[in-house]
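> In numbering that gives the first Met the number 0, the protein residues as written are 0 to 251.
Where a beta carbon is used, it is the ideal one built from N, C-alpha and C, also for glycine.
A quick note: this is a predicted structure, and the numbers were derived from the prediction, not measured.
Mind having a look at this structure? Questions to follow.
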Amino acid sequence: MKLNIKKLEAREKEHFNEAALAYDTNYGYEGDFTKYKIDKKVLEFVSSIRRSLGNKPISILEIGCGTGEYTKRICNYFPKSKIIAIDISEKILQVAKKKCAGVKNVRFLARSAYSSGFKSDFFDVVFGFYVLHHLDIPRFKNELLRVLKKRGLAFFYEPNILNPVVYIIKSNRKLKSLVGDSKDEWAVNPLGLNSVFKDFKVINISMSEFIYPARFIPLSILKIVDKIFDNLKFIPLVKYLGGSVQIFLRKK
0 MKLNIKKLEA REKEHFNEAA LAYDTNYGYE GDFTKYKIDK KVLEFVSSIR RSLGNKPISI
60 LEIGCGTGEY TKRICNYFPK SKIIAIDISE KILQVAKKKC AGVKNVRFLA RSAYSSGFKS
120 DFFDVVFGFY VLHHLDIPRF KNELLRVLKK RGLAFFYEPN ILNPVVYIIK SNRKLKSLVG
180 DSKDEWAVNP LGLNSVFKDF KVINISMSEF IYPARFIPLS ILKIVDKIFD NLKFIPLVKY
240 LGGSVQIFLR KK
């Protein structure tokens, strides 16, 4: 039986308050290849937004900002825009604030993704990296529709449950604990996303991250292999096996 939203949020909050100081280590943020992948995904986000909205100042909301690893990069690309980053965990936000010290165009707030408290039709862009799989997506979608302006954009990156490695980790409680996952998180099935987001114009749903590197392989080699394997996203059936799913939407 599914937990209700309040209980689910309470469990997620407790987990990430406890894991806040170890979060970056658990998810390998200090590794060169992970930094490369984060930079790559941030550039995809920036390019997607600028193609649609240009370089004008915009209002941006980040859902589930975590320790601010993506936040600090995105703030640098949108220096004239106002960015609000929210998370359910106060301890995680403390880490994010320290990491983004000196960044002038961001505010960090402890808020629920289901009831953020912002005005309706307020944001040009709402985004999140690896947050939807912590949420009841249909319930969150209502809040997303509410806070986005008409023709506003939503961009997310999520773990893909169709990837064998992701599935094995998410299906095993011990493995989830080992990598720092919460008990209740799962992953996103890309095959159902068009139906879930039928109230939006779906601009792009695509898979990436087809390799899980060994640490002893030089970064220069990993980058080459990553670019080669990126071509798998164009191959029928195989394309669904990427480790991550990019979701790019426009409010109708």
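If I'm right that Tyr211 touches Val164 with Cβ under 8 Å, what's the distance once you round it to whole angstroms?
Correct: roughly 6 Å between the Cβ atoms.
> Compute the Euclidean distance between the alpha carbons of Ser219 and Thr70, then round it to the nearest angstrom.
Cα-Cα distance, rounded: 26 Å.
> Please classify Gly191 as buried or exposed, where buried requires at least 16 neighbouring CB atoms within 10 angstroms.
Burial call: exposed.
> Measuring alpha carbon to alpha carbon, tell me which residue in Asp31, Thr24 and Val41 is nearest Thr66.
With distances taken between Cα atoms, Thr66 lies closest to Thr24.
> Which value, in whole angstroms, describes the spacing of the CA atoms of Ser161 and Arg10?
The residue asked about is misnamed: residue 161 is Leu in this sequence, not Ser. Answer to the nearest angstrom: the Cα atoms are 26 Å apart.
> Let me confirm a value: Gly242 is counted as buried when at least 16 other C-beta atoms fall within 10 Å, else exposed. Which label applies?
It is buried - the Cβ of Gly242 has at least 16 other Cβ atoms within 10 Å.
> So within the region 135-168, which uninterrupted beta strand (DSSP E) runs reach at least 3 residues, ignoring any that extend past its ends?
147-158, all fully within the region 135-168.
> Going by Cα to Cα distance, which pick from Glu43, Lys169, Asn16 and Leu7 is closest to Asn203?
Looking at the Cα atoms, Glu43 is the closest of the given residues.
> Among Lys40, Gln93 and Leu92, which one has its Cα closest to the Cα of Tyr76?
Cα-wise, what sits closest to Tyr76 is Lys40.
> Between which two residues does the beta strand (DSSP E) carrying Lys250 extend?
It spans Ser243 to Lys250 - the beta strand (DSSP E) in which Lys250 sits, taken as one unbroken run.
> Just checking: is the beta-carbon of Glu68 within a distance shorter than 8 Å of some beta-carbon in chain D?
The chain inventory of the structure shown lacks chain D, comprising one protein chain alone.
> Spell out the partners DSSP gives Val187 in its beta bridges.
In DSSP, Val187 forms a bridge with Asn159.
> I'd like to know whether the C-beta atoms of Ile48 and Val146 end up nearer to each other than 8 Å.
The answer is no: Cβ separation not under 8 Å.
> Under three-state DSSP, which class holds Ala109?
Ala109: strand per DSSP, three-state reduction.
> Output the residue ranges of the beta strand (DSSP E) runs that lie fully inside the region 60-128 and measure 3 residues or longer, sorted by chain position.
Whole beta strand (DSSP E) segments, 3+ residues: 81-86, 105-109 and 122-128.
> For Val244, which of Asp225, Ala213, Ile216 and Pro189 has the nearest alpha-carbon?
Measuring from the Cα of Val244, the nearest candidate turns out to be Pro189.
> Looking at His133 and Glu184, is the spacing between their C-beta atoms short of 8 Å?
Yes, the pair counts as a contact, with Cβ atoms nearer than the cut-off.
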